[in-house]
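J.: Once you've had a glance at the structure underneath, I'll fire off some questions.
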Amino acid sequence: MTQTYFALGLGLGTQNRKGEWLDTFYAKPVLAPASKTVDAILSVLEPVQGNTASAVTKDQMAQIAEALKAAGDKDQAELAVQLASGSQPLVVTILSTDDAPSSVPEGYLKLHLLSHRLVKPHSINLTGLFGALPNVAWTNKGAVDIGELKGRQLEARLKGEMLEVMSVDKFPKMTNYVVPAGVRIAHTARVRLGAYLGEGTTIMHEGFVNFNAGTEGPGMIEGRISAGVMVGAGSDLGGGCSTMGTLSGGNNIIISVGKECLIGANAGVGIPLGDRCTIEAGLYITGGSVITMIDADGAVAGTTKARDLSGQSDLLFRRNSKNGAIEVLTNKSAIALNEMLHAHN
267 MTQTYFALGL GLGTQNRKGE WLDTFYAKPV LAPASKTVDA ILSVLEPVQG
317 NTASAVTKDQ MAQIAEALKA AGDKDQAELA VQLASGSQPL VVTILSTDDA
367 PSSVPEGYLK LHLLSHRLVK PHSINLTGLF GALPNVAWTN KGAVDIGELK
417 GRQLEARLKG EMLEVMSVDK FPKMTNYVVP AGVRIAHTAR VRLGAYLGEG
467 TTIMHEGFVN FNAGTEGPGM IEGRISAGVM VGAGSDLGGG CSTMGTLSGG
517 NNIIISVGKE CLIGANAGVG IPLGDRCTIE AGLYITGGSV ITMIDADGAV
567 AGTTKARDLS GQSDLLFRRN SKNGAIEVLT NKSAIALNEM LHAHN
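For the sequence shown, my numbering gives the first residue as 267, with consecutive numbering after it.
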């Protein structure tokens, strides 16, 4: 019986002075690689079982290139040749199954799969990812171990140089690893590696997209897409708005925004929305919000908790300016994105 594999990545990365991985870059990650491709790679390496990340030498990578060429995988063979010509530490990551990542190379391969649009948010196992990734200083010279940062800064100053620290985080910005086709990102530091951006997505300066989250595209994002949140095609998140992620109070409820929705400026959503829903500017809807239901004649039809409306389409949430009550009524007008804004993605 032919062995099946979940994912493969030939990569290079950064290690600290102890030889521990800080990050990994995969130019051409593969989902469900052919068994002949993996067998060609394993013919060079020591026998491995399960999910593994193997550090390899330049000579080994050159041998892998030859083996891949003989196996008929021209694309990965060409990549292996390029990797063997460099000077950075090299790694071969083979995932037999979609188990929780247990190492930096494994975690980074899964983040690459998301940002390369090979898998969608919530479709792969990211359990324990935070624990697998180190906190890193992201600098103009790449990833730097936090414990080695002071020494590296002094070394740079002694040469009359500046080691600029852009952020200190477990996740780097996506565009230093992957730039998906057909998107616009006004402020690249606000999109983390592991974000999924569908074609036609525009992320404005105040927009933010976390890992394991994103947009189907097209979409206009001027607000926050928190971890775990997926936004449907044609939706618009207004300036300063927020979606409640599973890491920040959403518990086990997966928040999502359907197609052609509008979340107004400074508004927020803490329940899954169906299609063509609107939340008025400045209004934050949580699962426990008490909602007054308004019928087709404009009369009060009772009250309910917002969570009971989860996933329903064609709803308009607004706040009554006279009594402050949160109201919901049917919204049959779909939100049409301005086509000119996305014409050049």
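Think of the CB as a built atom: it goes at the ideal place given N, C-alpha and C, for glycine as much as any other residue.
Hey, quick one: how far does the beta strand (DSSP E) through residue 552 stretch, first residue to last?
T.: Residue 552 -> no beta strand (DSSP E), and no H or E assigned at all.
J.: In the DSSP assignment, what are the bridge partners of residue 321?
T.: 357
J.: At the 9 Å Cβ level, is residue 413 part of the contact set with chain C, yes or no?
T.: Any reference to chain C falls outside this structure, which holds one protein chain only.
J.: Out of curiosity, what's the CA-to-CA distance linking residue 243 and residue 295?
T.: No answer is possible for residue 243: the residues shown for the chain start at 267 and end at 611.
J.: Nearest to residue 571 by CA position, among 533, 593, 430, is which residue?
T.: 593
J.: Tell me the rounded alpha-carbon separation between residue 372 and residue 547.
T.: 41 Å
J.: Report the residue from 354, 459, 591 whose alpha carbon sits nearest the alpha carbon of residue 383.
T.: 459
J.: Let me know if residue 270 comes out buried or exposed under the rule of 16 or more other beta-carbons within 10 Å of its beta-carbon.
T.: Exposed, since its Cβ has fewer than 16 Cβ neighbours within 10 Å.
J.: Alpha carbon to alpha carbon, how far is residue 322 from residue 503?
T.: 45 Å
J.: May I ask you to report which of helix, strand or coil DSSP gives residue 526?
T.: In the displayed model, residue 526 falls within coil according to three-state DSSP, outside both helix and strand.
J.: Tell me which residue opens and which closes the alpha helix (DSSP H) that residue 348 is part of.
T.: 340-350
J.: Cα separation between residue 374 and residue 346?
T.: Taking the CA atoms as reference points, residue 374 sits about 18 Å from residue 346.
J.: Quick check on DSSP: helix, strand or coil for residue 574?
T.: helix
J.: What whole-angstrom Cβ distance do residue 361 and residue 273 have, given they're in contact under 8 Å?
T.: The C-beta distance from residue 361 to residue 273 rounds to 4 Å, short enough to fall under 8 Å.
J.: Give a yes or no on contact between the region 440-454 and the region 415-427, applying the rule of three or more CB pairs nearer than 8 Å.
T.: no
J.: Mind checking who residue 585 pairs with in its DSSP beta bridge?
T.: Looking at the DSSP output, residue 585 bridges to 592.
J.: Just to confirm, is the Cβ distance from residue 545 to residue 530 under 9 Å?
T.: The criterion of a C-beta distance shorter than 9 Å is satisfied by residue 545 and residue 530.
J.: Hey, residue 364 and residue 330 are a contact pair by Cβ (cut 8 Å); roughly how many whole angstroms apart?
T.: That belief does not hold up - the Cβ atoms of residue 364 and residue 330 are roughly 24 Å apart, past 8 Å.
J.: How about residue 552 and residue 536: do their beta carbons lie closer than 9 Å?
T.: Yes, Cβ-Cβ distance for residue 552 and residue 536 is below 9 Å.
J.: List the endpoints of the continuous alpha helix (DSSP H) containing residue 419.
T.: 415-424
J.: With a 10 Å radius around its C-beta and 16 neighbouring C-beta atoms as the bar for buried, classify residue 425 as buried or exposed.
T.: exposed
J.: May I have the straight-line CA-CA distance separating residue 587 from residue 408, to the nearest angstrom?
T.: 51 Å
J.: Identify which residue in 293, 447, 477 has its Cα closest to the Cα of residue 467.
T.: 447
J.: Have a look at residue 302 and residue 341 and give me their C-alpha separation to the nearest angstrom.
T.: 14 Å
J.: Should the region 481-494 be called in touch with the region 516-527, which here means at least 3 C-beta pairs below 8 Å?
T.: Yes: at least three Cβ pairs fall under 8 Å.
J.: When you compare only the Cα positions, how much space is there between residue 277 and residue 406?
T.: Whole-angstrom Cα-Cα distance: 20 Å.
J.: Measure the alpha-carbon distance for residue 410 versus residue 289 and round it to whole angstroms.
T.: 10 Å
J.: Tell me the start and end of each unbroken beta strand (DSSP E) in the region 278-310 that is at least 3 residues and wholly inside, in chain order.
T.: 287-292
J.: Could you give the distance in angstroms between the alpha-carbon of residue 515 and the alpha-carbon of residue 268?
T.: Interpretation of residue 515 is limited by its pLDDT of 47, a score under 50 that renders its predicted location unreliable; no figure is taken from the coordinates.
J.: Going by beta carbon distance, what residues of the same chain come within less than 7 Å of residue 349, once the five residues before and after it are set aside?
T.: 276, 278, 327, 356
J.: Answer with buried or exposed for residue 569, where buried requires no fewer than 16 other C-beta atoms within 10 angstroms of its C-beta.
T.: exposed
J.: Identify whether residue 334 lies in helix, strand or coil by the three-state DSSP scheme.
T.: Helix, per DSSP.
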